[in-house]
Structures are given as C-alpha cells and as structure tokens.
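Q: Respectively, the protein sequence lines represent chains E and Z. The opening position of the first sequence corresponds to residue 75 in this note's numbering, with each subsequent residue numbered one higher. The opening position of the second sequence corresponds to residue 10 in this note's numbering, with each subsequent residue numbered one higher. I am attaching a structure below and will ask some questions about it afterwards.
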Amino acid sequence: MSRQAGKASQHRAGEGTEDHGYPCPLVQTVALTRDYPGIRALDNVDFSLRAGEVHVLFGENGAGKSTLISMLAGATMPTSGQILFRGKAVEFDNVHAARNLGISAVFQEFSLIPQMSVAENMFLGAEERRRGFLHSGAQTMKARAVLDDLDFRLDPTERIDRLSRAEQQMVEIAKAFRSDLSVLILDEPTASLTVHETDHLFALLRRLRKQDVGIVYITHRIAEIREIGDRVTILRDGRFVDTVDAKSTSEDELVRLMTGRVVGEVFPKVSSEPGDTVLEVRNLHTDDGSLNGVSATVRKGEIVGLAGLIGSGKSRFGKACFGAVGLRRGTVTFKGERIPKPTPRTMLDRGLLYLPPDRRDDGLMMMRPAFENMSLAAVGMRPFSNGWIVDGRRERKIAGALAERLKLAPPRLDRTTEQFSGGNQQKLMLARSLTSRFDLLIFDEPTVGVDVGTRSAIYEFIAELCEIGAAVLLISSDLPEILNLSSRVYVFFGGSIQVELAGDQINEENVLASFFEREAA
Amino acid sequence: MAIRTDTTARPYSGIFGLPKKLFVKLGILPFLLAIAIVIFAAMSDNFLTGRNIMNVLRQSVYLTIVSLGQMLALVTGGFDLSVGTILALTSVVGALAMASVHAAVPEAVWLAMAVGFLAGIGAGTAIGVCNGIGVAFFNVSPFMMSLGMASVGFGIALYLTGGVPVYGMPREFGDLFGFGTLAGIPLPIYAAVVVAAILHVVLYRTPFGRYVYAVGGNIKAARLSGIGTRSVLFRTYVLCAALAAFAGMLLTARLDTGEANIGATMPLLSIAACVIAGVSLRGGVGRLENVILGALFIGLVQNGMNLARIESYLQIVVLGALLILAVIADQIRLRYLASFKD
C-alpha cells in the first residue's frame, strides 16, 4: 500500500515538467472513486493523459479499466474525486457533455443501429437539418468527407448490418470524428480485427497522435502496447499501481505489476502422447459453402490447433463437427462410428463438446445463476439426472467442485452470471467440459477478452484435459496460443485447409505463410 | 476480486436502504400486496374476514392456473395471447360434448363428464398445438401466432354455439367441480394446488423445466448445449394451452353453462400477474411461487374493489394501470440491479 502510494505521488510530481505544449495534461483525474453496492470498482485513481500520446490502460478483468473510461466518457458519474480537462474541473452527467469537449469513446459493445446507413449512424443525434427537416444529401457528403479523411473505404449509404464487424468498428471510430476530437478512448479495439485491419487502425492512431489528440487505449495484448503505446498505466483491484514507459518496460514487469505476483510461463508444458484417432473428417462441405472439402483427424491426448484469419472457416469447421452447421457432403467419424447426420445432441451423447467463441451471444444465459450455466450441456444426463428428475443436490456439489478447481471468483454459484467478470464468465463456460466425460473438446477462441492471469489458468486447464487423455481441438486467432499449445496445426484459408504442420514445423513463419492465398494453389 | 465487506462503501443505506434492498431482491409484488391489503382493509370491514379470504382464493383459481401457463410462455421469451380464447373454446366444446352424451345416456353421468373433460381440454390444447407448431417450427413470432389463433379459436367457439350459452350438462358437474367442497375448502382450490405442485416438479426437478429457462435465457447457448429448442418451445405452448383449457373446464363447471364469451380479460390479467410477479418479458427469469402470488394479488384487488363498490368499468382501468406500473417497476429494478455489476 505505502509503496504504491509513494509511487503515485512520485508520478504526480513528475507531471508538471513533461508537457507537450499545454501547461497541464489534457485530461487528469484526481482521486477518482466509484462505488457500487459492496464493491469499490475504482479507488482513488490518479491518471493523466497528455495531448499527443497513446496511453494504455492495462489490468486484469475487473481491475477498473472499464469503470475509469466510462467516467471519462461521461457514461458514469464518479462517487468522489475529480476529472480535470485542460486543467479545469469538469463534471459530465452524460455522454454528450463529454463529447462537446471533444472526448469520444468507442466501447466494446457497439452503439450502432443495424437497419440504418453508415451516415445515419455517424450523425445520430446530430443530424444535418435544413429548416427543421432532415437533409440527408448534405449528411452523406459530410460523412463521406470524414470517412475519406480517415482513409476508411466505406460507403456512407451502406446499411450497418451488411458490414463486417471490423467495418462496423470503423463506423464507431468515424462517429467520434464528426466533431472536433481531443480525446479518443478505445476499449480493446483490435479484439475483432484482422492483422491487416489492425495495422490500418494503428496507422490512424499515429496520425491522430501527431494532431495532438490524446488516446486512451485498453488492451490485453502486450505486443500492442509495444507497438502503439507511449505510456502504460496499470490498475489492479480498482487501484492505481504504476505508470510506466511503454517501450522500455519488460513484459515480465508488466505482468508482475498487473497481477501483483511473478508469473512464470504463461504457457504450460504440454506432454502429449497421441493415441487412437477420435475424430476423422473426410471431405467436409457445408450447406452455406463456408467449407469446401476439409479433411482432418484428431487423436486422443493431443491438442490440434486450427489457425487462420476470421472467416477462413476454422470456426465453421468446429461447429460443423459438432453438428451445429448443416452439412452438404463429407463424412464425420467419431470414435470409429460413422455419424451420418451430426447434431449437437448426438455428438454430446457420444462425447464431443464444442464451446463457442462469443460467450455472451452463444454461450451463457446471463440472467441465470452460475451453476445452471455450468451444467447446461449435461443436465439431462447422468450424473446430474436420471433422464427424468434432476438431482439438484448433486448438481450443486459438482458445480461447487468445478468452481473450486477453476478458482471461480467469487465462488458464489447462485449469483446471476452477469454479475461475474468476463474472465470468470469464461470459466463458467469452460467448466462444462468437465460436466461429463468428453473424449473431444473443441475450444473456439477460449481466451478472447480474458486477462493474462485467467488466460494462463485456462491454458493449464486445457493442458490437463489433454493429459488425462481427452483430445482437444483449439481454434484460435491468437497466434502464440496456437504455437505454444498445439502438437499439430491446421491452417485454414477460404474454407479449406492450406497446410498441416507438426512438431518443429510449427512456427510463426510457417503458419503465417499459409494465412493468405497462395499464388500457385 | 474487488469485493469489500465494509458497509461504508454501500450507497444504499439510511431509511430507504432496507426497502430498496427488498425491492431489488423481491420486486414490486410484496409492496403492492401490502398496500392493497391496507387500503382495502380500511375501506371495507368485510375484507379481512376468513370467509372473504376463502372467497378470494376460490375466485383466483382460474387466473392462477392460466397465469402458470402464461409464465411458461413468458419464460421462453414469448407469450400467449390466445389463453382467453382457449378458455372459451374449451368451455363451449366441453359443454356441447357433455350435454350431448348426457342427453343420449342420462344415467351415465360420469361418462358424460369424462367425455366432456376430454373433448374440452382436447379442443383447447389443439390451439396450443397450433401455436407451438407456428412458433417452434415456422419461427412465427409468438405475438402474431397467438393473436391469430385467438381470432381463430374465438370464431370457432361462436360458430359452434351461435353465440348462445350451452345448457344441458349433468347437474353433478357443476355441483362437484364448481361448488363442491372438501373439509370446508372449495374443490377448485385443491385442483389449483395440485396443478401448481405438479408444475413445480416439472419446472424445478426435471431437465425439461431447466430447458424452458435455458431457451428463454439464451436460445443459441441452449442449442449448442444439445437442447432440442424447437421441441421445448412446442411443448411449452402445448402445456400453456392445456393449463388454460383445464381452467376453462373448471370455470364452465362454476358457471354451469358453456360460454363463448368467458376469458376475454385472461390474456391481459395473466400477463399482468406474471409481470407483477417479476417474470421478465425478455425471457429466462421468473419463479412459479411468485406467479401464484401475482395472480392472488390481482384476485385480491378485484375482490377489494368489489367490496369497496368501485364500478366494474373503473376496475378495468385500475388493472391496466397496475400492469403498466409493474413494467415500470421492473425497469427501475433492472437499473438498480445493473449498478450491482462491476
């Protein structure tokens, strides 16, 4: 505590000397605090943002990053403490108040209306008018000017629901530029972007930096901190830990500051001894044409990684094996049994579980108690029920044991799922893989939006499953994850497998080489 | 991770702390119940008598059973606007079948009643089968499907009777299922208790019950967990209709006639009972015990207004206003709940 306080004051003392043309920081918070019933989400945090810097907020899920930015953006009011904008105390009681000062935030959950056009969304609430009536022509032109200026190749008249998630994110960012911008807040903007789109975003951020815009940037990816960050502020349990230089601070140091402990290897050693073939897929085609002739095998006791860009078919393949996508052609053989028409029910009964990438959308019942989410896939089977009656006491006992094993925090299983942090919600879903004896587990992006501490717990969990003899199919857009955990890798492109890599062949160069179309295919 | 136990961090303290906490935990219903009891007890001396309370219970039986069915539909994220029609069609078909068997073989009273029950409940459940097929297999929105079926069913009921009440059922039917008592307690109350007990087991002890909540909680997650979501939806609407049909037969016994005009207020009242009891219109949330209380509350308000000699037209105004109040309270509660999250 005292050490932290000392650092904090030291940090504040250094503030006045380093400025970029302004007598004071662009945005500064003084002892900012926000209480929720029973929880102090943010505790006396001092944070400062200079003009023309990218300031990364770093911390585990639940550390208070989201609370901090939602107060800066005017979406939440502080319980106590102050926000200074160019040295003057300001109070935002809504998002518009912040936006009027040029503070705009792009949150993870988009605020776009799918049925409206890009231009209509960009100017929502500030429509171009002529004599009180909408003037859509001028609005479209203005939107086009903003998009061109940002170098976003988007048609302002296109409907939002026709755009990819990355393009929608571009619209969200463009929204911030409809008026003068002084502070841009980005909450994990690259989570849904491809490598190329990420490069594009970073180029934009560099340009903004030159225009003296202050950027607050939340990310879990350490590589991004290096690439785009100037300073990093680390939060832990709602408290300020330290503000450090982004380029010179080592990765281990960042992780230590974030978790408060020395974390050894993030990735566990996986000892794999491949056994019998569990899953054999031949020449798989899906109804919607997203897979064209995919053949793959997975054996007992190995982790097989599926890499590729978003939309390359790797996630589709996982769903198809599980029977959640209609198949047009091809065979699925599971544990030696040919499955003519896979459905989630038939595959679950035979011992295959697929865990979806989007826990909020496809995975969890947010308003239901935690234990119900853990047992969901197995509640109709033994040992949870005899097919007719659910054994509630046993269900809670099993759920309690799983919570302990996965270190669920807080371990209160009657709480509704939405009351848990993102990482703990992920654990609730992963717990399903232990509710029955599954022979093959398909994890689709198991660590999206999860902090480093939880991440290594998830990797350990996956490695353990593999060691007790289960087969694991790991679908991931996170390359280090694939490289470090898999004993074999299939790289997808355009709905088919480009290459299969094993053992020493698995390295970044080889995997990336197959990410894009090959000239002579 | 950042949870403290110190009470100073809680903004909800002081005199409003406890009611607020209760409100967030239990919803609006306990408050409404307390307010209603105080007001009506002050307005009429007869309100809090044992006889009147038994009366309220008996009168609430029909709404309670229908509301339990409605709750199933609401929990899956839909609703059933055809419950009123189901009551009417059940009443008409049940009465017609019973009366014709009774006319043909007057001595076989039990046979007439059995045939009547089967025919009536069968006809009502058929509406639910249609609802279920539409919602589960053709993805018709529950609103359109049940609204359409409400018109279809009501039309059939009127067509069968020409709008005239159906007479000629055996006297024993009304005497037993409408007015019969056991140990001083009206038989319909036993019926409601049995229905609630069975449904409680189904909802909270069987996988099917869990699936009903799962489909409303997150239908995609349910599908990826191997739950046959279509089958669950179908069965939900059939069960909802069967419950409404059962209530329809009990009400027919009480009225001693088959009527095409009963149940017109049932869709509104049953949804109101559920919403007041904290069943979420977004699906996935709602407890059976609370829904029973919600239906009893509406029965209590109706009874109290009768005793206080409030005109029946005005009573409809009060009930509509209560429904809206309950929805607003639910929204406010959600806002408080959201502030519990980090």
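Glycine included, every Cβ here is placed at the ideal spot set by N, Cα and C. Nothing here was measured: the structure is a model prediction, and the numbers come from that model.
1. According to the neighbour-count rule (16 or more other Cβ atoms, all chains shown, within 10 Å of its Cβ), is Arg344(Z) buried or exposed?
2. With distances taken from CA atoms, which of Asn315(Z), Ala286(Z), Asn270(Z), Phe163(Z) is nearest Leu83(Z)?
3. Taking one C-beta from the segment 367 to 379 of chain E and one from the segment 417 to 424 of chain E each time, how about it: are there three or more such pairs within less than 8 Å?
4. Is the segment 527 to 534 of chain E touching the segment 447 to 454 of chain E, taking contact as three or more C-beta pairs under 8 Å?
5. With C-beta atoms as the reference, is Ile556(E) less than 8 Å away from Gly379(E)?
6. Chain E beta carbons: is any one of them nearer than 8 Å to that of Lys350(Z)?
7. Step through the CB atoms of chain Z and report whether any lies within less than 8 Å of the CB of Leu422(E).
8. Ignoring anything shorter than 4 residues or poking outside the segment 95 to 183 of chain Z, list the alpha helix (DSSP H) runs there in chain order.
9. Since Glu411(E) is in the alpha helix (DSSP H), which residue starts that stretch and which ends it?
10. Give me the Cα-Cα distance between Leu328(Z) and Gln311(Z), rounded to the nearest whole angstrom.
11. I want to know whether the segment 182 to 190 of chain Z touches the segment 258 to 265 of chain Z - three or more CB-CB distances under 8 Å.
12. If you measure between the beta carbons of Cys283(Z) and Met80(Z), is that distance less than 8 Å?
13. Ends of the beta strand (DSSP E) at Val378(E)?
14. Under 8 Å Cβ to Cβ from Gln68(Z), same chain only, skipping five residues before and after it: list those, please.
15. For Ser210(E), which of helix, strand or coil comes out of DSSP?
16. Bridge partners for Gly288(E) per DSSP, in chain order?
17. For a contact defined as C-beta to C-beta under 9 Å, what are the partners of Ser389(E) on chain Z?
18. DSSP on Val585(E), reduced to helix/strand/coil?
19. Report the residue ranges of all beta strand (DSSP E) runs contained in full by the segment 325 to 372 of chain E; include only those spanning at least 3 residues, in chain order.
20. Quick check: is the beta carbon of Ser321(Z) nearer than 8 Å to any beta carbon in chain E?
21. Let me see if you follow: with CB-CB separation under 8 Å, is Thr58(Z) close to chain E or not?
22. Across the segment 81 to 100 of chain Z and the segment 129 to 145 of chain Z, are there enough close Cβ pairs to call them in contact, namely three or more that are closer than 8 Å?
23. Give the residues from the segment 435 to 447 of chain E that approach chain Z closer than 9 Å (Cβ to any Cβ), ordered along the chain.
24. Which residue or residues does DSSP assign as beta-bridge partners of Arg108(E)?
25. Which residues in chain Z sit within 9 Å of Ile463(E), going by Cβ to Cβ distance?
26. Following the continuous alpha helix (DSSP H) through Ala43(Z), name the residue where it begins and the one where it ends.
27. Starting from the C-beta of Val169(E), find all residues in its chain whose C-beta is less than 7 Å away, skip the five residues before and the five after it, and write them out in chain order.
28. Please list, in chain order, the residues of the segment 215 to 243 of chain Z that have any C-beta partner in chain E closer than 7 Å.
29. Using the three-state DSSP reduction, which class does Val180(E) fall into: helix, strand or coil?
30. Apart from the five residues just before and just after Ile516(E), which ones in its own chain have a Cβ nearer than 6 Å to its Cβ?
31. Roughly how many angstroms lie between the CA atoms of Tyr71(Z) and Tyr168(Z), to the nearest whole one?
32. By alpha-carbon positions, which one of Ala265(E), Glu183(E), Arg310(E), Met440(E) ends up nearest to Phe494(E)?
33. Kindly say whether Gly454(E), judged by its beta-carbon, lies nearer than 8 Å to any beta-carbon of chain Z.
34. Could you check what DSSP says for Ala273(Z) in three-state terms: helix, strand or coil?
35. Please list the partners that Gly293(Z) has in chain E, where partner means a Cβ-to-Cβ separation under 9 Å.
36. For Leu252(Z) versus Gly78(Z), is the C-beta distance shorter than 8 Å?
A: So, to answer that:
1. In the second sequence, residue 344(Z) corresponds to position 335, counting from 1. Arg344(Z) should be labelled exposed.
2. By one-based count along the second sequence, residue 83(Z) stands at place 74. Ranking the options by Cα distance to Leu83(Z), first place goes to Ala286(Z).
3. no
4. no
5. Locating residue 556(E) in the first sequence gives position 482, counting from the first residue. Locating residue 379(E) in the first sequence gives position 305, counting from the first residue. Closer than 8 Å, so yes.
6. Sequence index remark: in the second sequence, residue 350(Z) carries index 341 (1-based). Because Lys350(Z) carries a pLDDT of 46, less than 50, the predicted location of this residue cannot be relied on, and no value is offered for it.
7. As a first step, residue 422(E) must be located in the first sequence, where it is residue number 348. Yes, Leu422(E) lies at the interface with chain Z (some Cβ there is under 8 Å from its Cβ).
8. 118 to 141, 151 to 170
9. Counting from one through the first sequence, the residue named residue 411(E) turns up at place 337. Premise fails: Glu411(E) lies in the beta strand (DSSP E), 411 to 413, not in any alpha helix (DSSP H).
10. As a working mapping, residue 328(Z) is identified with position 319 in the second sequence. As a working mapping, residue 311(Z) is identified with position 302 in the second sequence. Going by the C-alpha atoms only, they are around 8 Å apart.
11. yes
12. Start at 1 with the first residue of the second sequence, and residue 283(Z) comes out as number 274. Start at 1 with the first residue of the second sequence, and residue 80(Z) comes out as number 71. The answer is yes: Cβ separation under 8 Å.
13. Locating residue 378(E) in the first sequence gives position 304, where the first residue counts as 1. Val378(E) -> beta strand (DSSP E) spans 377 to 382.
14. Taking the second sequence and counting its residues from 1, the one referred to as residue 68(Z) is at position 59. If we look at Gln68(Z) and ignore the five residues flanking it on each side, its Cβ neighbours are Gly308, Gln311, Asn312.
15. Numbered from its first residue, the first sequence carries residue 210(E) at position 136. If DSSP states are grouped into helix, strand and coil, Ser210(E) belongs with the helices.
16. On the first sequence, residue 288(E) is found 214 positions in, with the first residue counted as 1. The partner list for Gly288(E) (beta bridge, DSSP) reads Val257(E).
17. Counting from one through the first sequence, the residue named residue 389(E) turns up at place 315. Going along chain Z, no residue has its Cβ under 9 Å from Ser389(E), so there is no contact; the nearest lies around 12 Å.
18. Counted from its first residue, the first sequence places residue 585(E) at position 511. Helix, per DSSP.
19. 351 to 360
20. In the second sequence, counting from the first residue as 1, residue 321(Z) sits at position 312. No - not a single Cβ of chain E is within 8 Å of the one on Ser321(Z).
21. Walking along the second sequence from the start, residue 58(Z) turns up at place 49. It does not; no Cβ of chain E falls within 8 Å.
22. yes
23. Asp435, Asp436, Gly437, Leu438, Met439, Met440, Met441, Arg442, Glu446, Asn447
24. The count along the first sequence starts at 1 and reaches residue 108(E) at position 34. The partner list for Arg108(E) (beta bridge, DSSP) reads Leu116(E).
25. Indexing the first sequence from 1 puts residue 463(E) at position 389. The contacting residues are Val210, Arg214, Thr215, Pro216.
26. For the purposes of this step, residue 43(Z) is taken as residue 34 along the second sequence, with counting starting at 1. 38 to 52 is the extent of the alpha helix (DSSP H) around Ala43(Z).
27. Position 95 of the first sequence, counting from 1, holds the residue named residue 169(E). Ala147, Gly148, Ala149.
28. Thr215, Pro216, Arg219, Tyr222, Ala223, Gly226, Asn227, Lys229, Ala230, Arg232, Leu233, Ser234, Gly235, Gly237
29. Taking the first sequence and counting its residues from 1, one reaches residue 180(E) at position 106. Correct three-state label for Val180(E): strand.
30. By 1-based counting over the first sequence, the position of residue 516(E) is 442. Excluding positions up to five away in sequence, the list reads Gly392, Tyr428, Leu547.
31. As a working mapping, residue 71(Z) is identified with position 62 in the second sequence. As a working mapping, residue 168(Z) is identified with position 159 in the second sequence. If I take the Cα positions, the gap works out to 25 Å.
32. Against the first sequence, residue 494(E) aligns to sequence position 420. It is Met440(E) whose Cα lies nearest to the Cα of Phe494(E).
33. Along the first sequence, one-based indexing puts residue 454(E) at 380. Closer than 8 Å to some Cβ of chain Z, the Cβ of Gly454(E) qualifies, so yes.
34. On the second sequence, position 264 is the one that residue 273(Z) refers to. It is coil, neither helix nor strand.
35. Sequence index remark: in the second sequence, residue 293(Z) carries index 284 (1-based). Met439, Met440, Met441, Arg442, listed in chain order.
36. In the second sequence, counting from the first residue as 1, residue 252(Z) sits at position 243. In the second sequence, counting from the first residue as 1, residue 78(Z) sits at position 69. Contact flag set, yes.
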